[in-house]
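Shown next, in structure tokens, is the structure this report addresses.
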Amino acid sequence: MTGMTIEDYRNTYWPQLQVAVDRLLQGPQPPYHTGRVIEFEPMYSAAYKCVCQQHSEALYNDLMSHVHKHFLKVAMEMQNKVYVSTKLSSDLRTELQNLFCKSVIDPVIEKLMVMVKQTTERTPFSIAPHVLASLVKSLHNLNPEYAQRYPQVFAGYIPGVLPAMREHELSSYINETQELQASLRQSWVSSSPRGKKRCLDEEMHT
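full-length UniProt numbering numbers the first residue of the sequence shown as 1 and each following residue consecutively.
Right, here's the structure in full:
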């Protein structure tokens, strides 16, 4: 019997045994049949060689780890089917997402919204616009209710957050737009050498 290196074990023997273990754990694939799930002799030979060539510990650890992962997957699927789907009329992804929002996002959402609002109104471009847009859209994907709590912030990035504008609101919207444009222009003038030069040129021609 030729020597078996750790590379031989990892690249040749364990993959063969792993496939066999998967077939035993998962059962025959449809269409179902009554024949053998695996060929016993090749798998026995592979396992025997691993043990004889001093790879029994690696084989044991890999087998335990692989079966453990399978059991966790089955438990997750069963929990999703039996409890989450039936009892909660939901799915595990949604439940985990809600847990993430409650544990991670909700405690800091107020600070995040203040930061976005201040950045947009007072210091435009101090944070790249695409970064802010990505942040707000991700928050909306996680929990659309955030947009209902902070409609003015989300409306700048998510269409349809605010109700349709009425005629008497147009003048207020125009004023807000003009103020924002002036703020953006002032920020550009203050932070850009070209902006300062242009502003100076305009003053000299007035």
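For every residue, glycine included, the Cβ atom is placed at its ideal position computed from N, Cα and C.
If you run the structure through DSSP and keep just helix, strand and coil, what is Q118?
-> The sequence position of residue 118 within the sequence shown is 118, counting from 1. Helix at Q118.
Is it the case that the Cβ atoms of K137 and I158 are separated by a distance below 9 Å?
-> Within the sequence shown, the letter at position 137 stands for residue 137. Within the sequence shown, the letter at position 158 stands for residue 158. Their beta carbons are under 9 Å apart, which means K137 touches I158 by this criterion.
Report yes if the C-beta distance between M113 and V153 is below 9 Å; otherwise report no.
-> Reading the sequence shown from its first residue, position 113 is the one you call residue 113. Reading the sequence shown from its first residue, position 153 is the one you call residue 153. For M113 and V153, yes; Cβs fall inside 9 Å.
List the whole-angstrom C-beta distance separating A133 from H140, where the pair is believed to meet the contact cut-off of C-beta under 8 Å.
-> Within the sequence shown, residue 133 is the residue found at index 133, counting from 1. Within the sequence shown, residue 140 is the residue found at index 140, counting from 1. That belief does not hold up - the Cβ atoms of A133 and H140 are roughly 11 Å apart, past 8 Å.
C-alpha gap between Y52 and T12, whole angstroms | In the sequence shown, counting from the first residue as 1, residue 52 sits at position 52. In the sequence shown, counting from the first residue as 1, residue 12 sits at position 12. At residue 52 the sequence reads Cys, which differs from the Tyr that was named. Cα to Cα, the separation comes out at about 16 Å.
In angstroms with no decimal places, state the Cα-to-Cα distance between E95 and A47.
-> The count along the sequence shown starts at 1 and reaches residue 95 at position 95. The count along the sequence shown starts at 1 and reaches residue 47 at position 47. About 42 Å.
Contact belief for H70 with M4 at Cβ below 8 Å, rounded distance in angstroms = Position 70 of the sequence shown holds residue 70. Position 4 of the sequence shown holds residue 4. Wrong, their Cβ atoms sit about 26 Å apart, outside the cutoff.
For V104, is the classification buried or exposed, using 16 other Cβ atoms within 10 angstroms of its Cβ as the cut-off for buried?
-> The residue labelled residue 104 in the question sits at position 104 within the sequence shown. For V104, the number of other beta carbons within 10 angstroms of its own is below 16, and it is reported as exposed.
Integer-rounded CB distance, given that L63 should sit under 8 Å from V21 = For the purposes of this step, residue 21 is taken as the residue at position 21 of the sequence shown. For the purposes of this step, residue 63 is taken as the residue at position 63 of the sequence shown. Yes, they are in contact, since the Cβ atoms of V21 and L63 sit about 7 Å apart, within 8 Å.
Sequence-distant residues of the same chain with beta carbon closer than 8 Å to S85, five excluded per side = Indexing the sequence shown from 1 puts residue 85 at position 85. Only D91 meet the Cβ criterion.
Buried versus exposed, by CB contacts within 10 Å (16 or more), Y150 | By one-based count along the sequence shown, residue 150 stands at place 150. Flag for Y150 reads buried.
L99: buried (16+ other C-beta within 10 angstroms of its C-beta) or exposed?
-> Counted from its first residue, the sequence shown places residue 99 at position 99. Counting Cβ neighbours within 10 Å, L99 comes out exposed, since fewer than 16 surround it.
Backbone CA spacing between W14 and E39 [nearest angstrom] | For the purposes of this step, residue 14 is identified with residue 14 of the sequence shown, where counting begins at 1. For the purposes of this step, residue 39 is identified with residue 39 of the sequence shown, where counting begins at 1. Roughly 15 Å between the two C-alpha positions.
Indicate whether M43 and Q26 have their beta-carbon atoms separated by less than 9 Å.
-> Along the sequence shown, one-based indexing puts residue 43 at 43. Along the sequence shown, one-based indexing puts residue 26 at 26. Contact flag unset, no.
Return the Cβ separation of Q97 and L142 in integer angstroms, given the expectation that the two are a contact with Cβ distance under 8 Å.
-> Residue 97 sits at position 97 when you count from the first residue of the sequence shown. Residue 142 sits at position 142 when you count from the first residue of the sequence shown. Yes, Q97 and L142 are in contact; Cβ-Cβ is about 6 Å, under 8 Å.
Apply the 10 Å Cβ neighbour rule to Y83 and answer buried if 16 or more other Cβ atoms are within range, or exposed otherwise.
-> Counting from 1 along the sequence shown, the entry for residue 83 is found at position 83. Label assigned to Y83: exposed.
Exposure label - T120; buried when at least 16 CB within 10 Å = Mapped onto the sequence shown, residue 120 falls at position 120. Buried, by the Cβ-count rule.
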